[in-house]
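Our numbering puts the sequence shown at residues 1000 to 1228.
Positions of the beta carbon are idealized from the N, C-alpha and C atoms, including for glycine.
All values derive from a computational prediction rather than experimental measurement.
In what follows, a structure is listed as structure tokens, so that the remarks can point back to it.
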Amino acid sequence: MMEEKVIMVKRRRFVATTMSGCGILVVGGVVAAFLIGERIAGVDPFNIATFAWVLAGFVILIAKSLFVREWPWRDFLRGRVPCRSVSELHTVTGVDEQDIMEYLLSKESYTILITKGPYNRIFSRRSDDGFSIDVEMELRTLVSGGIVVVQVASHMGPALVCLDIRRGMEGRTSIRHSDKPSKDERLLGCFDFPEAFDEEHEVPLPTLTESMAWTRILGVYHPKGKKFR
């Protein structure tokens, strides 16, 4: 279930198993206290029951910290895990991080999810408090999510321009020779970063300004394994 700042994942079986195990541990501790506590010299039955309670509480705390950094009791008891980042969602579901971001990109116009950094520039709904895009995107993720990266020639050298062909979005869907961003257009790309074209470097995607014009289209940018930030 997707909300504005988190994505909820159901883990009712995990919670039920954890709570059942802890319940059995507590009941077993109480029963053991009554059955064998008085038969062992120097052992207080109350200490056996207390130890069982403490151990059960410790098990629950460990269980709450396995998947995400913060798991409120309200969500835990309802069997829901609130994932606040791509990496947390990957840990909980086992789905590949790039596949997660591909889905979020392609469905952005149909959801209410708000994203935050450090790698959320490609998303339209952004805030300082939202679902964290904390993994760099690969080129294949951008393309599969509906973002086509075009290489162009400019007076400063080779550059990149991103076309947004996702359904329901208002980004630029076509490109012409000898063009530039319009005044209020949110167009992402890469100018003034020649090192970004090196194989070992990531490509930054800031919003282009009106001064960043290109003179010619060179083709679709498609180096294998390239990452963007």
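Proximity of the region 1070-1081 to the region 1093-1101 falls short of the contact definition, fewer than three beta-carbon pairs being nearer than 8 Å. Short of 8 Å from the beta carbon of Asp1127, and not among the five residues preceding or following it, lie these beta carbons of its own chain, in chain order: Lys1115.
Burial state of Lys1223 is exposed, judged by a 10 Å Cβ sphere holding fewer than 16 other Cβ atoms. Ala1212 is a Cβ neighbour of Lys1179, given a cutoff of 8 Å. Under the DSSP assignment, Asp1178 falls outside any beta strand (DSSP E); it carries neither an H nor an E label. Here Met1155 is exposed: its Cβ has fewer than 16 other Cβ atoms, across all protein chains shown, within 10 Å. Secondary structure at Ile1216: strand, using DSSP grouped into helix, strand and coil. The bridge partners DSSP lists for Val1149 are Val1160, Val1219. The shortest CA-to-CA distance from Gly1145 to any of Val1091, Tyr1102, Arg1011 is the one to Tyr1102.
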